[in-house]
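Following: one structure in structure tokens, then a few remarks.
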Amino acid sequence: MEGLELISFNIISNVGSAKSKVMESMQKSRNGEFEEAQQLIMEANDFLMIGEKEHFQVITQEAKEKNVDITILFMHAEDQLMSTVTLRDIANEVLENYKMMYELKQLIKEKM
Amino acid sequence: MEGLELISFNIISNVGSAKSKVMESMQKSRNGEFEEAQQLIMEANDFLMIGEKEHFQVITQEAKEKNVDITILFMHAEDQLMSTVTLRDIANEVLENYKMMYELKQLIKEKM
Amino acid sequence: MEGLELISFNIISNVGSAKSKVMESMQKSRNGEFEEAQQLIMEANDFLMIGEKEHFQVITQEAKEKNVDITILFMHAEDQLMSTVTLRDIANEVLENYKMMYELKQLIKEKM
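Chains as they are written, first to last, in full-length UniProt numbering: chain A, 1 to 112; chain B, 1 to 112; chain C, 1 to 112.
The structure is reproduced here in structure tokens:
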């Protein structure tokens, strides 16, 4: 498939940006900065959507033409994409988790 | 390898069901519904086992015949499988984590 | 590419050891044994570094020669590597999370 190298680099670049945002989001959640954490997940989603669009383009190409030669670079791009989607799902849970923890902290402060 | 497309769709379908169960389990844990959360992880495991069985069948086929032509669809199926196994491992930890959090909540309520 | 089977097994073996360390680390964090948890993540990192070195060697080989025939075994090795990197990132967050939880626990004990 023509352009697979370019597509791979495009996925890797956008997914890399998404991963940075997700990691930063978890740090913000830990610090109790929940609006910032939420904002960073939304920014990560924008980058992930570009990666996913490229991914579906290649899947569709294969379904139509059955002749996509897989490269290790593309395989790596796909691995990065799926890992970062998982990490994003978890960052959402981490955000909710720290929210509850900070509520408990607040409760202890108030009542003591 | 014959039937790889069917195997790929079979993995994607079962792993998709497993992922839904895992996501639902984390939500139940967050709400303090730990038995339901545990039950959903067990249901996810049943779907994952079907995916893993198909996965090992293809790995074994390659080891025996050395002629499995990899498709992007199968690669995607494998990525989904591995990601969901990771998510399941984390859902187990999320469950334990919220259990401790709800115990703390209870402790605060009782003592104040 | 010659030696790809050996490289695949080498990645799978080292990443398997890393995953065990990461899973053990999360358990230690849950038990409040944070130094041990930290130590286990560092040990996991050592195993992951070996896997990542092999991974880059294959990526580089492809970039130079464009003739790496991908096997399902290598694909599986790469999936394991990426999943475990994600799990390691999360184990770091799990450690920080339980630290805060144990601090809350201590605070409740002291003030009541």
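Glycine included, every Cβ here is placed at the ideal spot set by N, Cα and C.
Leaving aside the five residues before and after Ala77/A along the sequence, list all residues of the same chain whose C-beta is less than 6 Å from its C-beta, in chain order.
Here the set comprises Ser8, Ile11 and Ile12.
Looking at the structure shown, is Glu33/A part of a helix, part of a strand, or coil, going by DSSP?
coil
With Asp69/C as the anchor, note down where its alpha helix (DSSP H) starts and where it stops.
Careful: Asp69/C lies outside any alpha helix (DSSP H) and carries neither H nor E.
Under 8 Å Cβ-Cβ, which residues of chain C neighbour Asp46/B?
The contact set of Asp46/B on chain C, defined by CB atoms closer than 8 Å, is empty, because the minimum CB distance reaches about 20 Å.
Classify Gly16/C as helix, strand or coil using the three-state DSSP reduction.
helix
Can you check whether the CB of Glu103/C is closer than 7 Å to the CB of Met26/A?
Against a cut-off of 7 Å, the Cβ pair of Glu103/C and Met26/A comes out as no contact.
Which residues in chain B sit within 8 Å of Asp89/C, going by Cβ to Cβ distance?
Here the premise fails: no neighbours, minimum Cβ distance about 11 Å.
Contact under 7 Å by Cβ, Leu95/C with Ser20/C:
Cβ distance not < 7 Å, so Leu95/C and Ser20/C don't count as in contact.
Starting from the C-beta of Thr84/A, find all residues in its chain whose C-beta is less than 7 Å away, skip the five residues before and the five after it, and write them out in chain order.
Val15, Ala18, Lys19, Val22 and Leu48
If you drop the 5 nearest sequence neighbours on each side, which residues of the same chain put their C-beta closer than 6 Å to that of Phe74/A?
Sequence-distant partners of Phe74/A (beyond 5 residues in either direction) whose C-beta falls short of 6 Å from its own C-beta, in its chain, are Leu4 and Ser8.
Neighbour-count burial assignment, Glu6/B, 16 or more Cβ in a 10 Å radius
The residue you asked about is not Glu; residue 6/B is Leu in the sequence shown. Answer is exposed; the Cβ neighbour count stays below 16.
What does the Cβ neighbour count give for Thr60/A, buried or exposed, with the cut at 16 atoms within 10 Å?
exposed
Cα-Cα separation between Gln38/B and Arg88/B, rounded to whole angstroms:
11 Å
Rounded Cβ spacing between Lys111/C and Met112/A (contact assumed at less than 8 Å)
4 Å
Could you run through the region 60-87 of chain A and flag, in chain order, every residue whose CB is less than 9 Å away from some CB of chain C?
Ile70, Thr71, Ile72, Leu73, Met75, His76, Asp79, Gln80, Met82, Ser83, Thr84, Thr86 and Leu87
In angstroms, rounded to a whole number, what distance separates the CA positions of Glu52/C and Gln80/A?
13 Å
Does DSSP classify Met112/B as helix, strand or coil?
coil
Along the region 89-105 of chain A, where does the CB come closer than 8 Å to a CB of chain B? Name the residues.
Asp89, Ile90, Glu93, Glu96, Asn97, Met100, Met101 and Leu104
Based on Cα-Cα distance, which residue from Ala91/B, Glu65/B and Asn31/B lies nearest to Ala44/B?
Ala91/B
Taking only three categories from DSSP, how would you classify Gly3/C?
Correct three-state label for Gly3/C: coil.
Do Glu54/A and Leu40/A have their CB atoms nearer than 7 Å?
no
State buried or exposed for Asn31/B, treating a residue as buried only when at least 16 other CB atoms are found within 10 Å of its CB.
Label assigned to Asn31/B: exposed.
Just to make sure I have the definition right: I need the residues of chain B whose C-beta is within less than 8 Å of the C-beta of Val58/A. Which are they?
Ile72
Inter-residue Cα distance where the pair is Lys109/B and Glu62/B
59 Å
Using beta carbons (cut-off 7 Å, strictly below), is Ile7/C in contact with chain B?
no
Residue of Lys99/C, Val58/C, Leu107/C and Lys105/C minimising C-alpha distance to Glu35/C:
It is Lys99/C whose Cα lies nearest to the Cα of Glu35/C.
Since Ile72/A and Ile70/C are thought to touch, with beta carbons under 8 Å apart, how far apart are those beta carbons, to the nearest angstrom?
6 Å
Rounded straight-line distance, which links the Cα of Lys105/B to that of Asn97/B:
13 Å
State yes or no: is the beta carbon of Met26/C nearer than 7 Å to at least one beta carbon in chain B?
yes
Residue-chain proximity (Leu107/B, chain C), Cβ-Cβ < 7 Å:
yes
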